[in-house]
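Residues 431 to 946 (this note's numbering) are what the sequence shown spells out, left to right.
First the structure, in the form of structure tokens, and then the observations on it.
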Amino acid sequence: MSRYRAVRGTFDLLPEQLGPWHHIEQTARRLSHNYGYTEIRTPLFEEAELFTRGMGVLAGIVERELWTFHDKFGKKLALRADMTTGVVRAFQEHKGEAEGQPFKVFYLAPVFLLGKDSEEGSRQSHQFGVEAIGSDNPALDAEMIALASAFCNEIGLEGHKIELNSLGGDKCRPLYHKKLKDYFTSHQNELCATCKRKFKAHPTWVLSCDDPGCVALSQVAPTIFGMLSSDCKAHFNTLKEYLKDLDINFELNPRVVRDLEYYNRTVFQIRCGGKVVAFGGRYDGLVEALGGKATPGIGFAVNIETAIDVLGDKAREEEVEGLQVLLDPEGPESTKVLVPVLARLRRLGVRSEMRYGRSGSALRKSARIVVKLNEANAFRGHAILEDSEGSGDKLPATRLGEKLLAYLGVDEDSSGSDRGGRRKLARRPRKGRGEDRDRDRDRDRDRDRDRDRDRDKDRSRSRGGRSNEAASEQRERPNEEADDGRRRKRSRRRKQTEEEGRRTEEQPAPPRRKAA
Numbered sequence: 431m432s433r434y435r436a437v438r439g440t441f442d443l444l445p446e447q448l449g450p451w452h453h454i455e456q457t458a459r460r461l462s463h464n465y466g467y468t469e470i471r472t473p474l475f476e477e478a479e480l481f482t483r484g485m486g487v488l489a490g491i492v493e494r495e496l497w498t499f500h501d502k503f504g505k506k507l508a509l510r511a512d513m514t515t516g517v518v519r520a521f522q523e524h525k526g527e528a529e530g531q532p533f534k535v536f537y538l539a540p541v542f543l544l545g546k547d548s549e550e551g552s553r554q555s556h557q558f559g560v561e562a563i564g565s566d567n568p569a570l571d572a573e574m575i576a577l578a579s580a581f582c583n584e585i586g587l588e589g590h591k592i593e594l595n596s597l598g599g600d601k602c603r604p605l606y607h608k609k610l611k612d613y614f615t616s617h618q619n620e621l622c623a624t625c626k627r628k629f630k631a632h633p634t635w636v637l638s639c640d641d642p643g644c645v646a647l648s649q650v651a652p653t654i655f656g657m658l659s660s661d662c663k664a665h666f667n668t669l670k671e672y673l674k675d676l677d678i679n680f681e682l683n684p685r686v687v688r689d690l691e692y693y694n695r696t697v698f699q700i701r702c703g704g705k706v707v708a709f710g711g712r713y714d715g716l717v718e719a720l721g722g723k724a725t726p727g728i729g730f731a732v733n734i735e736t737a738i739d740v741l742g743d744k745a746r747e748e749e750v751e752g753l754q755v756l757l758d759p760e761g762p763e764s765t766k767v768l769v770p771v772l773a774r775l776r777r778l779g780v781r782s783e784m785r786y787g788r789s790g791s792a793l794r795k796s797a798r799i800v801v802k803l804n805e806a807n808a809f810r811g812h813a814i815l816e817d818s819e820g821s822g823d824k825l826p827a828t829r830l831g832e833k834l835l836a837y838l839g840v841d842e843d844s845s846g847s848d849r850g851g852r853r854k855l856a857r858r859p860r861k862g863r864g865e866d867r868d869r870d871r872d873r874d875r876d877r878d879r880d881r882d883r884d885r886d887k888d889r890s891r892s893r894g895g896r897s898n899e900a901a902s903e904q905r906e907r908p909n910e911e912a913d914d915g916r917r918r919k920r921s922r923r924r925k926q927t928e929e930e931g932r933r934t935e936e937q938p939a940p941p942r943r944k945a946a
């Protein structure tokens with residue numbers, strides 16, 4: 431029987447490969463929060479018509495790459511191929527109209543596209559994106575570009591280039607489209623088959639085509655910069671001034687276009703290593719196109735796979751704290767002792783693990799402290815503690831959890847911890863072991879003294895023929911002779927306890943016999 435493999439166009443991310451992904455996701459969340467954006471999550475699939483109306487029926491994604499299917503009720507659905515349309519649908523459904531500040535959200539999510547041909551198969555890619563719906567202020571455009579650039583810098587895409595363009599608005603775009611259409615009509619024999627079919631409806635889409643003939647025509651095609659309306663020109667000029675004030679370098683590129691119908695006015699892309707890693711722009715008519723009130727919006731998306739591919743060996747990884755404690759049982763009896771100890775350590779935020787398999791060499795190398803417990807010493811005797819210095823300390827098996835926490839310097843009564851529950855463990859001074867033994871002896875001595883006092887009280891209460899008042903007077907009246915006797919008795923017991931403690935360090939103490 432043949433083994434199953436990942437579907438063509440998809441891939442697995444194993445634990446050792448996720449370091450750069452975690453760093454990118456962590457950076458995306460932190461920067462988004464710093465800029466005032468909160469996370470949104472939309473369904474993996476939507477009604478297919480949402481993408482058709484939002485992106486346009488002639489959009490390449492809709493024509494060739496939209497993954498559609500029908501549910502059992504006959505409704506046509508599609509795996510999401512674009513996050514912007516889903517976010518706008520969610521805004522329209524739950525928010526209606528933006529009040530005051532715009533609706534500002536970010537996402538880290540997969541999108542799905544069918545291959546452009548039968549050989550390429552299905553594809554899944556991941557995006558980090560940001561959307562702001564409810565304002566047409568050019569300062570918001572500058573914020574978007576600043577955030578995208580800051581993200582690229584922080585993940586290591588140094589030397590990236592920002593390319594800026596304007597697609598115009600409702601007033602100037604029709605005029606530019608007519609001029610561009612006339613130009614391509616006179617050269618339509620030089621266009622590729624796809625552009626020949628689409629240029630009359632969407633002449634700007636030819637500018638984004640990578641066919642050599644279309645690229646050559648686009649390089650000398652008319653630009654929109656001299657045809658912008660006064661409003662669009664003012665908006666674009668103000669944006670450029672903001673970017674200069676923010677020391678963000680950019681270059682104008684009239685061929686920055688995407689074959690999606692919803693873009694207007696500001697569009698931009700970020701290139702690094704010869705690839706486009708991010709694309710964004712305004713979509714002031716998208717909310718209305720999907721059935722809502724006219725509401726401006728702007729956003730961008732980064733293709734995470736492309737970013738990691740460009741980074742290559744320079745991809746940074748998230749700093750993850752290593753394993754702090756490894757519990758190493760010899761067999762089932764020692765495992766029974768260590769399971770509650772493991773739970774106790776984890777509850778207190780100590781990053782801990784237990785060796786379950788036969789070989790644990792990799793875990794031993796990664797752990798700061800290894801605690802070994804054999805079967806013979808499971809319920810009596812000692813566990814052996816090994817750290818990076820090879821200390822070989824012995825910890826009593828019956829009080830292993832308590833002693834291990836003391837060794838690690840973890841206060842069980844304190845609820846504070848680092849990094850969402852993980853504790854940074856202070857290295858315990860090696861010279862303090864004798865002090866710990868003295869402290870344990872003092873605690874045992876105090877416990878014996880309290881037990882003797884309780885026993886004396888019980889004996890006093892059990893004496894017959896004596897009223898409660900007489901017993902009270904007897905307890906209050908100092909009895910020096912009795913006190914001396916008790917002191918001598920406690921002294922003898924202390925010496926006996928210390929002697930037993932010294933013998934315990936060499937061999938397990940025999941179980942105490944119960945008093946008859």
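Beta carbons: idealized from backbone N, C-alpha and C, even for Gly.
Check residue i in the structure and name its three-state DSSP category.
{"i": "glycine 831", "result": "helix"}
{"i": "alanine 806", "result": "coil"}
{"i": "valine 840", "result": "coil"}
{"i": "serine 432", "result": "coil"}
{"i": "aspartate 661", "result": "helix"}
{"i": "alanine 470", "result": "According to the sequence shown, residue 470 is isoleucine rather than alanine. Here isoleucine 470 sits in coil by DSSP."}
{"i": "leucine 444", "result": "coil"}
{"i": "proline 759", "result": "strand"}
{"i": "phenylalanine 475", "result": "strand"}
{"i": "glutamine 456", "result": "helix"}
{"i": "arginine 438", "result": "coil"}
{"i": "glutamine 649", "result": "coil"}
{"i": "valine 706", "result": "strand"}
{"i": "asparagine 464", "result": "helix"}
{"i": "aspartate 612", "result": "helix"}
{"i": "phenylalanine 680", "result": "coil"}
So, for residue i: in the same chain, excluding its five sequence neighbours on each side, which residues have a beta-carbon less than 7 Å away from its beta-carbon?
{"i": "valine 541", "result": "Arg510, Ala511, Asp512, Met513, Ser555, Gln557"}
{"i": "leucine 474", "result": "Leu509, Arg510"}
{"i": "glutamate 620", "result": "Gly643, Leu647"}
{"i": "aspartate 501", "result": "Leu507"}
{"i": "glycine 742", "result": "none"}
Look at the Cβ atom of residue i, then the Cβ atom of residue j, and state whether they are nearer than 9 Å.
{"i": "threonine 472", "j": "valine 517", "result": "yes"}
{"i": "phenylalanine 521", "j": "valine 732", "result": "no"}
{"i": "leucine 480", "j": "isoleucine 575", "result": "no"}
{"i": "leucine 597", "j": "arginine 701", "result": "no"}
{"i": "leucine 682", "j": "leucine 594", "result": "yes"}
{"i": "cysteine 622", "j": "serine 659", "result": "no"}
{"i": "lysine 630", "j": "threonine 615", "result": "yes"}
{"i": "proline 633", "j": "threonine 653", "result": "no"}
{"i": "isoleucine 814", "j": "tryptophan 451", "result": "no"}
State the CB to CB distance for the pair residue i and residue j, rounded to an integer number of angstroms; the pair is presumed to be in contact (CB under 8 Å).
{"i": "valine 740", "j": "valine 707", "result": "6 Å"}
{"i": "glutamate 691", "j": "glycine 486", "result": "3 Å"}
{"i": "glycine 710", "j": "glycine 729", "result": "6 Å"}
{"i": "threonine 498", "j": "lysine 505", "result": "The pair is not a contact, with the Cβ atoms about 11 Å apart (cut-off 8 Å)."}
{"i": "lysine 744", "j": "glycine 586", "result": "5 Å"}
{"i": "serine 579", "j": "isoleucine 678", "result": "6 Å"}
{"i": "proline 532", "j": "alanine 562", "result": "5 Å"}
{"i": "leucine 835", "j": "valine 801", "result": "So it is not a contact: roughly 12 Å between Cβ atoms."}
{"i": "glutamate 592", "j": "phenylalanine 666", "result": "Here residue 592 is isoleucine; the residue named in the question, glutamate, does not match the sequence. No, isoleucine 592 and phenylalanine 666 are not in contact; Cβ-Cβ is about 14 Å, not under 8 Å."}
{"i": "tyrosine 713", "j": "glycine 722", "result": "That belief does not hold up - the Cβ atoms of tyrosine 713 and glycine 722 are roughly 12 Å apart, past 8 Å."}
Going by beta carbon distance, what residues of the same chain come within less than 8 Å of residue i, once the five residues before and after it are set aside?
{"i": "glutamate 469", "result": "Arg459, Ser462, Val535, Phe536, Tyr537, Leu538"}
{"i": "glutamate 477", "result": "Lys505, Lys506, Leu507, Ala508"}
{"i": "glutamate 412", "result": "This structure does not reach residue 412, given that the chain is present from 431 up to 946, and the question cannot be answered."}
For the beta strand (DSSP E) holding residue i, just list the boundary residues, first then last.
{"i": "tyrosine 403", "result": "Given that the chain is displayed from residue 431 to residue 946, the structure contains no residue 403 and the question cannot be resolved."}
{"i": "leucine 825", "result": "823 to 826"}
{"i": "isoleucine 575", "result": "Run containing isoleucine 575: none in the beta strand (DSSP E); it sits in the alpha helix (DSSP H), 568 to 585."}
{"i": "histidine 812", "result": "812 to 817"}
{"i": "histidine 500", "result": "498 to 500"}
{"i": "lysine 591", "result": "591 to 596"}
{"i": "lysine 506", "result": "506 to 509"}
In chain order, what residues of the same chain have a beta carbon less than 6 Å from the beta carbon of residue i, not counting five sequence neighbours either side?
{"i": "alanine 724", "result": "Glu718"}
{"i": "asparagine 807", "result": "Ala827"}
{"i": "leucine 444", "result": "none"}
{"i": "valine 771", "result": "Leu830, Gly831"}
{"i": "leucine 543", "result": "Glu495, Ala511, Arg553"}
{"i": "isoleucine 799", "result": "Val755, Asp817"}
{"i": "threonine 482", "result": "Val492"}
{"i": "glutamate 446", "result": "none"}
With residue i as the anchor, note down where its alpha helix (DSSP H) starts and where it stops.
{"i": "cysteine 602", "result": "No alpha helix (DSSP H) contains cysteine 602, which DSSP labels as neither H nor E."}
{"i": "lysine 628", "result": "623 to 628"}
{"i": "glutamate 735", "result": "734 to 741"}
{"i": "alanine 520", "result": "513 to 524"}
{"i": "alanine 719", "result": "716 to 719"}
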